[in-house]
């Protein structure tokens, strides 16, 4: 019997004391800042369940829209595909290249993009699965951070090629469901 232990994630945020006033500075800092900062700015809204403005999919798109007042740049940031990226470095390159065409606008003091990083804290979600039925029942009961953790975050934190749900479903012989999850595009 193969057991799946559901986990959840909480981010302990840390300010880096690096900030950008325009897209050029954002690209410069993003090209060098630690990977955990890139991860945090692209994923924290999903982990924390902050979906008030779904069109502002990450911190970069929010800042471009709300502080830079640059809707096209915001949309390009929002369209960065975090679901199919193979690494944080791939995502970093997309952020930097997205900035390259928008080097003009500058924000006022107090509206800078403040880079943060996070220490991920992983906890057991007190749910386990032993087969497909218990897996489905547990999915219905865990919170969004648990689903997001197993579906996306664990790939980056543990350098995995695949999401943990598909790995488990393969292990219990549910290959069709596993493949459907791999093809899932939220």
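In this note's numbering, the protein residues as written are 1 to 186. Every residue, glycine too, gets a C-beta built ideally from N, C-alpha and C.
- Setting aside the 5 residues that flank it on each side, residue 151 is surrounded in the same chain by 163 and 165, each with a C-beta closer than 7 Å to its C-beta; the list follows chain order.
- Between the alpha carbons of residue 30 and residue 184 lies a distance of about 28 Å.
- The beta carbon of residue 12 lies closer than 7 Å to those of 118, 119 and 121 in the same chain, with the five residues before and after it left out.
- Contact check for residue 18 against residue 38 fails: the beta carbons are separated by 8 Å or more.
- Counted as a single uninterrupted DSSP element, the alpha helix (DSSP H) harbouring residue 176 occupies residues 175-183.
- In the three-state reduction of the DSSP assignment, residue 126 falls in the strand class, which pools E and B.
- At a Cβ-Cβ threshold of 8 Å, residue 113 and residue 26 count as neighbours.
- The three-state reading of DSSP puts residue 118 in strand, counting E and B together.
- A buried status is given to residue 102, since no fewer than 16 other beta-carbon atoms sit within 10 Å of its beta-carbon.
- Of the residues 116, 76 and 10, the one whose Cα lies closest to the Cα of residue 148 is 10.
- Going by DSSP, residue 4 is part of no alpha helix (DSSP H) but of the beta strand (DSSP E) stretching over 4-20.
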